[in-house]
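Everything on this sheet refers to the single structure shown next.
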Amino acid sequence: MSNIKGGKMSNSEKKLTMRNGNGICLLNDGQWVVMSNNKILPLKTSDDFWFSFPILECSPQPTKEKLGDDFPYNELLKHALCSESKYWSSLALQWLELISLDEKIKLKEILELIVLDKSHPQRSRHLARKYLKDM
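Read left to right, the sequence shown gives residues -11 to 123 (the working numbering).
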């Protein structure tokens, strides 16, 4: 995590502002980051992706139009599906339409766990089951 000097990042392009006010940016070196309170949070580990979960509160297709195809949606969705928060995992399930079948197949084990876990809302379990049937 590093600070933004002078309140601006000269080597980045802001792609999206989330409802919480944080921004998703793409650095010139190809690294995706979350800008939060003048800090740069690179999206590398599951702990880092937590800061990008509010993306899931937006509609998938318009968000993808803003972020483009290079954003690591599969990583975001994987980490949200595995999070302890049923809120984030249920939102991530609604975003699975954005990723390819090959990427969905990589999430098969996670989807199987959601189907079996009664702590997930019934709607989430049914949606996970639907994606598994489509594989």
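Heads up, the beta-carbon is just placed ideally off N, CA and C, and yes, glycines get one too. Just so it is clear, the structure is predicted and the values come from calculations on it, not from any experiment.
_Just verifying my parser: in three-state terms, what is the DSSP assignment at Lys118?_
helix
For the pair the segment 68 to 83 and the segment 32 to 42, tell me if three or more CB-CB distances fall below 8 Å. yes
Pro109 in three-state terms, based on DSSP
coil
Integer Cβ distance of Tyr61 from Ile87, believed to fall under 8 Å: 6 Å
Problem - Exposed unless 16 or more other CB atoms sit within 10 angstroms - verdict on Pro153 - result: Outside the displayed range of the chain (-11 to 123) lies residue 153, so it cannot be described from this structure.
- Under 8 Å by Cβ, that's how I've got Val103 and Arg113 pegged, so tell me the actual separation to the nearest angstrom. 5 Å
- Message: Counting C-beta neighbours from all protein chains within 10 Å, is the total for Lys(-7) 16 or more, i.e. buried, or is it exposed?
- Response: For Lys(-7), the predicted model reports a pLDDT of 37, less than 50, meaning its position is unreliable; a value from the coordinates is still stated below. Result: exposed.
| Reference Ser77, options Leu44, Phe59, Gly56, Leu89, closest by Cα | Leu44
**Lys66 burial status per 10 Å Cβ neighbour count (16 or more: buried)** = buried
Taking 7 Å as the threshold (C-beta atoms), are Ser40 and Leu79 in contact? no
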